[in-house]
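For reference, the structure discussed in these notes is given below.
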Amino acid sequence: MTLSKDPMAEIPLIASIDVGTTSTRAILFNKMGQEVSKYQIEYSTTATKDKEAAAAAANGGDKSPQQNVIFSAEGVAIEANEYVEIEVNDPTLRFPHPGWVECKPMNILANVVQCFAATLISINKVNEDRVANNFAPYVITCIGVTNMRETTIVWSKETGLPVVDYGIVWNDTRTMDIVNAKKSSTTLEESERLRAKTGLPVFSTYFSCSKLRWFLDNVPEVQEAYEKSDLMFGTVDTWLIYHLTKNHNFVSDVTNASRTGFMNLDTLDYDPELLEYWGIDQTKVNMPKILPSAYHYGDFCAPEITKNKLTEAAWKVLQDFAVKCVPIQGCLGDQSSSLVGQMAFKAGSAKCTYGTGCFLLFNTGIKKLISQHGALTTFGYWFPNLEGEEECKPHFVLEGSVAVAGAVVQWLRDNLRLFPRAEDVGPLASRVPDSGGVVFVPAFSGLFAPYWDSEARGTIMGMSQFTTASHIARAAIEGVCFQARAILKAMSSDAFGEAAKDSDFLEELVDAGTYEHSPLSILAVDGGMSKSDEVMQIQADILGPCVKVRRSPSAECTALGAAIAASMAYENPADRMWKDLEDVKTWIFRGGLSKEEALRSSDSVSSRLKIFASQSDDKVRRKNWKRWETAIERTKGWLGDAEGSTSTSVN
Numbered sequence: 001m002t003l004s005k006d007p008m009a010e011i012p013l014i015a016s017i018d019v020g021t022t023s024t025r026a027i028l029f030n031k032m033g034q035e036v037s038k039y040q041i042e043y044s045t046t047a048t049k050d051k052e053a054a055a056a057a058a059n060g061g062d063k064s065p066q067q068n069v070i071f072s073a074e075g076v077a078i079e080a081n082e083y084v085e086i087e088v089n090d091p092t093l094r095f096p097h098p099g100w101v102e103c104k105p106m107n108i109l110a111n112v113v114q115c116f117a118a119t120l121i122s123i124n125k126v127n128e129d130r131v132a133n134n135f136a137p138y139v140i141t142c143i144g145v146t147n148m149r150e151t152t153i154v155w156s157k158e159t160g161l162p163v164v165d166y167g168i169v170w171n172d173t174r175t176m177d178i179v180n181a182k183k184s185s186t187t188l189e190e191s192e193r194l195r196a197k198t199g200l201p202v203f204s205t206y207f208s209c210s211k212l213r214w215f216l217d218n219v220p221e222v223q224e225a226y227e228k229s230d231l232m233f234g235t236v237d238t239w240l241i242y243h244l245t246k247n248h249n250f251v252s253d254v255t256n257a258s259r260t261g262f263m264n265l266d267t268l269d270y271d272p273e274l275l276e277y278w279g280i281d282q283t284k285v286n287m288p289k290i291l292p293s294a295y296h297y298g299d300f301c302a303p304e305i306t307k308n309k310l311t312e313a314a315w316k317v318l319q320d321f322a323v324k325c326v327p328i329q330g331c332l333g334d335q336s337s338s339l340v341g342q343m344a345f346k347a348g349s350a351k352c353t354y355g356t357g358c359f360l361l362f363n364t365g366i367k368k369l370i371s372q373h374g375a376l377t378t379f380g381y382w383f384p385n386l387e388g389e390e391e392c393k394p395h396f397v398l399e400g401s402v403a404v405a406g407a408v409v410q411w412l413r414d415n416l417r418l419f420p421r422a423e424d425v426g427p428l429a430s431r432v433p434d435s436g437g438v439v440f441v442p443a444f445s446g447l448f449a450p451y452w453d454s455e456a457r458g459t460i461m462g463m464s465q466f467t468t469a470s471h472i473a474r475a476a477i478e479g480v481c482f483q484a485r486a487i488l489k490a491m492s493s494d495a496f497g498e499a500a501k502d503s504d505f506l507e508e509l510v511d512a513g514t515y516e517h518s519p520l521s522i523l524a525v526d527g528g529m530s531k532s533d534e535v536m537q538i539q540a541d542i543l544g545p546c547v548k549v550r551r552s553p554s555a556e557c558t559a560l561g562a563a564i565a566a567s568m569a570y571e572n573p574a575d576r577m578w579k580d581l582e583d584v585k586t587w588i589f590r591g592g593l594s595k596e597e598a599l600r601s602s603d604s605v606s607s608r609l610k611i612f613a614s615q616s617d618d619k620v621r622r623k624n625w626k627r628w629e630t631a632i633e634r635t636k637g638w639l640g641d642a643e644g645s646t647s648t649s650v651n
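Counted from 1, the sequence shown has number 93 at position 93 by UniProt numbering; the numbering is strictly sequential.
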């Protein structure tokens, strides 16, 4: 599709479909990265329904007064309104056994279609008013998709319907026995060779490989479809694109495929040794073609299997839109999409998303690095139509995660009742200048990167009679921020090797003239906790003077990343909403102004971006870091030491 050359003929928008673990949204973005239309559905769960039933019983059978309110993963209340819907009857997520997390593929597809139809209805009404008042109408030029990664869905090639009515979600742990059996039968040499191919730890329940193996071992219907070569395997992106394209295109992009455990990072294809390791016969299972993140996957269609889930008006608007042959041509896994949406395009740039936990991605450019410090190696994006010898190649990232971030805020609110709303944690923590010597290691379910100790547990140290609720709240926030710093420090050691051995660039002072030339100068942030100025200032203080914290002007960086990917799929730059990645920054960061114009304008970079710089004293910051490292060492192996067993920490 070629965009009009007449700026008054139409105003281009890009649609983004964003499927997270607990919600689905569709957003229409303009060139400034602003949301022109948006609709989202927040999932209820079987756990939610249990709580509602208990509340109803306590109220004499009346429905819970909270039925129109649901809490996000960070503990923030989300209320149903004109643009936000909360699932009522059929939960998309369910927890049938401890550690098991399932999603319903048909619900996910129906939710996507419903959200997209709602944005179309909304934009059609807006266009009627615009045309009536002699303003140019909006037109949707292309569509991008972003999704939770690793979640595994199996369906029938013959019918297009799920073989079983559920998929296994990324954080499900039912495959632990499979993973442990593999660990006991695999030599260290073999595991390291496989890890070098995938960039992932072999013995983890997260990735899709063990989930597919579980389906084959435990579900007769899946085994039967497999034996008939009728079985289709895919992650959420593949499931959606298959049903949302007219020709049922069966594809995945590199950022999603690299999380299956079957893909070789060097060949960009499924690896025979990896498939054999998991006992998968590729002649019996249909696996999606692996493509770039910006690619014409197919033109949008309204899937017939969702028709009975929609109103007549919604179905009609989808059919009318499908006639326009709008391409789906952007696809990114959620964390990679957030990296793109945060515009961390250059090698050495990094982003951190603060959700229930927090995910840090460190862009290593076209260089694949296998971490020696506990980080994963995966893809950030691949935009092959960009000009430049490196720009058009797949970009790698190192990825690390903190198990507990926003969840500690929810814990302070619900368990300790320190404040009534999650948003209150920043102001409470800022009532004191420091933690008063208190260190909070929020290892509720062990420590992730770079410590990797499953037997660590949450610990609060250094309390005295002087300690107040504010000190504890501040120490909890600092605990998240210290872990983010530890991951960045480990990643810098991987990325800069010998140069990082004798010095820690996070602690090196640089003057204003050399700031932008330091290995990592900006940490781009998004997610729930990033909305608090107080929390982000604490993060900046802990990182020190070499790294500034930059909060994006968009609250929907993940969805925005998919829109950027979709724009970059056009071969001709003139057809793109943004002609290249630098143009993306020009419009979203500076409102279309050049760097020089922005500096002279009231609408400068600083007015569109919030940047936090360290205000900490060098000696105090280093003393606090030493205290944190001491607390970590005393937290490690808690379960093993307390129960007299041997620690199972992972190095």
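Where is the CB? At the ideal position from N, CA and C, for every residue including glycine. As the structure is a prediction and not an experimental result, all values here were calculated from the model.
Nearest candidate by alpha-carbon position, reference residue i, set the options
| i | options | result |
| --- | --- | --- |
| D453 | S430, G640, D271, P303 | G640 |
| V352 | T24, L361, Y83 | Note that residue 352 is Cys in the sequence shown here, rather than Val. Of the candidates T24, L361, Y83, the one whose C-alpha sits nearest the C-alpha of C352 is L361. |
| V402 | E478, N385, R413, G462 | E478 |
| D526 | T558, T186, L93, A15 | T558 |
| K368 | A347, L488, N385 | A347 |
| Y83 | D253, R25, P98 | R25 |
| D617 | R634, K548, D541 | D541 |
| K531 | S521, E423, E42 | E423 |
| Y242 | K211, L274, L216, I305 | I305 |
| L609 | M529, W625, C546, A524 | A524 |
| F383 | A132, S293, R621 | S293 |
Beta carbon proximity, residue i to chain D, threshold 8 angstroms
| i | result |
| --- | --- |
| T21 | No chain D is part of this structure, which consists of one protein chain only. |
Whole-angstrom distance between residue j and residue i, CA atom to CA atom
| i | j | result |
| --- | --- | --- |
| S229 | I290 | 19 angstroms |
| F444 | G458 | 5 angstroms |
| V113 | D299 | 15 angstroms |
| I11 | A136 | 6 angstroms |
| G33 | D281 | 44 angstroms |
| F466 | A475 | 14 angstroms |
| V584 | V340 | 10 angstroms |
| C358 | Q372 | 20 angstroms |
| L418 | R485 | 26 angstroms |
| L194 | G365 | 22 angstroms |
| D414 | A473 | 13 angstroms |
| G437 | D269 | 51 angstroms |
| W628 | F482 | 7 angstroms |
| V222 | L231 | 7 angstroms |
| D253 | M463 | 49 angstroms |
| G374 | A574 | 42 angstroms |
| I123 | T205 | 42 angstroms |
| P126 | R421 | Checking the sequence shown, residue 126 turns out to be Val, not Pro. Straight-line Cα distance between these residues: approximately 35 angstroms. |
Three-state secondary structure (DSSP) of residue i
| i | result |
| --- | --- |
| M253 | Sequence check: residue 253 is Asp here, not Met. Strand. |
| D90 | coil |
| D18 | strand |
| S430 | coil |
| Y277 | helix |
| P272 | helix |
| M263 | strand |
| L118 | Rather than Leu, the amino acid found at residue 118 in this sequence is Ala. Three-state DSSP puts A118 in a helix. |
| R174 | coil |
| Y226 | helix |
| N180 | helix |
| H395 | strand |
| T635 | helix |
| G199 | coil |
| P105 | helix |
| G592 | coil |
| Q40 | strand |
| R550 | strand |
| E597 | helix |
| R149 | coil |
ask   = Are the stretch 255-262 and the stretch 176-186 touching by the rule of at least three beta carbon pairs closer than 8 angstroms?
value = no
request  = Specify whether the stretch 104-115 and the stretch 147-162 touch according to this definition: at least 3 beta carbon pairs, one from each stretch, less than 8 angstroms apart.
outcome  = yes
Segments assigned beta strand (DSSP E), at least 3 residues, entirely inside the stretch 437-486 = 439-441, 459-461
request  = Answer yes if the stretch 532-545 comes into contact with the stretch 311-320, meaning at least three C-beta pairs across the two stretches below 8 angstroms, and no otherwise.
outcome  = no
query = Is there contact here, the stretch 558-577 with the stretch 137-151, by at least three beta-carbon pairs under 8 angstroms?
reply = yes
ask   = Are three or more beta carbon pairs between the stretch 291-310 and the stretch 234-253 nearer than 8 angstroms?
value = yes
query = Counting only runs that start and end within the stretch 281-361, where is the beta strand (DSSP E) found for 3 or more residues in a row?
reply = 289-291, 294-299, 327-333, 350-354
request  = Determine contact between the stretch 207-223 and the stretch 161-169, defined as no fewer than three beta-carbon pairs at a distance below 8 angstroms.
outcome  = yes
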